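For reference, the structure is listed below as structure tokens.
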Amino acid sequence: YWTVVAYSLAGTASPAPATQSFHIQRDQFVTESFELGCIDGTSNISEWTLALETGSSPWTANSTYSGSLEPRTGDFNVYLFHSDGAAAVSWLFHPITLVGSRTYDVELYARQQSTNPNNAQIGIYYGTDPTIAAMTNSIAGSTFLDTSEYKRIAGSFTPSSSGTYYLGIRGYIGGSTNYLALDDVKL
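Residue 217 in the numbering used here sits at position 165 of the sequence shown, and the numbers go up by one each step.
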């Protein structure tokens, strides 16, 4: 809540109006560590839209699991899981307002449960809609994760025109690995 009190040049205050409130919209993220608004164990990932490409496992918020699912920083991360022995491909989309001809850097950190690089991949894309079909611009194409430690994935991109775009993160998890963890997405 806030109150505005106006003062004259002589220092006299005018009567204060009734207390007011307002909502501040959160600026687009600088670093998204999934700390705000996520619900552990659900696909309710605040300010992100999800889409399944294959399989039945969407990205899921995590603040409970440790080990290979432990967040890199903070109390939350997100993970992609498979339980039926089949590969899963799932997307996360986030709106971003961009200025045309300006170069942007993006980075994120991901790891898988296994050390076999064929079991997990992650890629960063952008497009004009929060759909798989719209993710036509690659920032960092599918990268194999060859370690059970968090690996930095990064890339740069320059949109041709100003407007609202969507950052897309594509996760792939093979049938022989159970988890792919993601944390600390930075624009």
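Here a beta-carbon is modelled for each residue, glycine too, at the ideal position from N, C-alpha and C.
In this text the structure is predicted, and so the values were computed from the model without any measurement.
(message) With H, G and I counted as helix, E and B as strand and the rest as coil, what does DSSP make of Thr152?
(response) First, the residue type needs correcting, since residue 152 is Gly and not Thr in the sequence shown. Gly152: coil per DSSP, three-state reduction.
(request) Locate the beta strand (DSSP E) running through Glu105, then write down its first and last residues. (result) Glu105 -> beta strand (DSSP E) spans Thr101 to Thr106.
(request) List the residues that DSSP assigns as beta-bridge partners of Val158. (result) Gly207
(request) Taking only the alpha-carbon atoms, compute the straight-line gap between Pro110 and Leu104 and give it to the nearest angstrom. (result) 6 Å
(request) Just mark Asp235 as buried or exposed, buried being the case when its beta carbon has 16 or more other beta carbons within 10 Å. (result) buried
(message) In whole angstroms, give me the CA-to-CA distance for Ser108 and Gly137.
(response) When rounded, the distance between both Cα atoms is 11 Å.
(message) Using a 10 Å radius around the Cβ and a threshold of 16 neighbouring Cβ atoms, would you call Pro169 buried or exposed?
(response) exposed
(message) Could you tell me the alpha carbon to alpha carbon distance between Gly215 and Phe209, rounded to whole angstroms?
(response) 14 Å
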